[in-house]
Amino acid sequence: MRIDRLDHLVLTVADMDATVEFYVRVLGMEEVTFGEGRRALAFGRSKINLHPAGREYEPKAARPTPGSADLCLITETPIELVAAELAEHGVRIEEGPVARTGAVGPILSVYLRDPDDNLIEISTYQTGEPDFRVCGTAARAIADLTE
C-alpha cells in the first residue's frame with residue numbers, strides 16, 4: 001500500500017461558530033455542511049471536519065481535545081503578505097516569518113493560534129513549485145543547503 005495524500009482531518013472545537021468564523025474570515029476557507037448538520041472547512045483539495053467538544057461524532061480519536069492540533073497549511077501568497085493580512089484581521093503572529101522544512105522542500109512560515117489555541121503554521125514554499133519527488137531525508141538536505 002502507498003498513501004497518496006491527506007483527504008481530511010478532524011479538529012475538536014469548543015465553539016463551533018467561532019472556529020468557522022475564524023477559518024472563513026481569516027484563512028479564506030469555505031464552510032461546508034454534510035450529513036446531518038455536520039460542519040467542515042474546505043480548502044484546496046482537502047477539508048477540516050469539525051467535531052463539537054463533548055459531542056464528537058463516531059468514530060473519534062481516543063482523546064479528542066480542543067487545542068491539541070499543530071497544523072501546517074500551504075499558501076502561494078508571499079509570506080510578507082500573509083503576515084500583513086493576519087495583522088489586518090487582528091491576529092497575533094506567535095513566531096515568524098521563519099525558515100522551516102516542509103514535506104517537499106524549504107518553506108517560510110508564520111505561526112498563529114486559532115480560537116481553540118491550536119497551533120497553525122501558514123507557509124509558502126521558498127523555491128516556487130514544490131518538488132513532489134522530494135521527501136524525508138532529501139527534504140532535510142535541501143533545507144540544510146538553504147539555511
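Numbering (the UniProt record's numbering), first residue to last: 1 to 147.
Note that beta-carbon positions come from the ideal geometry of N, C-alpha and C, so glycine has one too.
Worksheet item: For P97, is the classification buried or exposed, using 16 other Cβ atoms within 10 angstroms of its Cβ as the cut-off for buried?
Response: buried
Worksheet item: Is the beta carbon of P64 within less than 8 Å of some heavy atom of the ligand GDP?
Response: In the structure on display, the ligand GDP does not appear, and there are no ligands present to speak of.
Discussion item. Within 10 Å of its beta-carbon, does H8 have 16 or more other beta-carbons around it, so buried, or fewer, so exposed?
Written reply: exposed
Worksheet entry | Whole-Å CB distance - A40 paired with T12, under 8 Å assumed | Not really, about 13 Å apart at Cβ, beyond 8 Å.
Worksheet item: What's the gap between the Cα of I3 and the Cα of T75?
Response: 22 Å
Item to complete: State yes or no: is the C-beta of L73 within less than 9 Å of the C-beta of I120?
Response: yes
Worksheet item: Quick one: what's F43 bridged to in DSSP?
Response: S46
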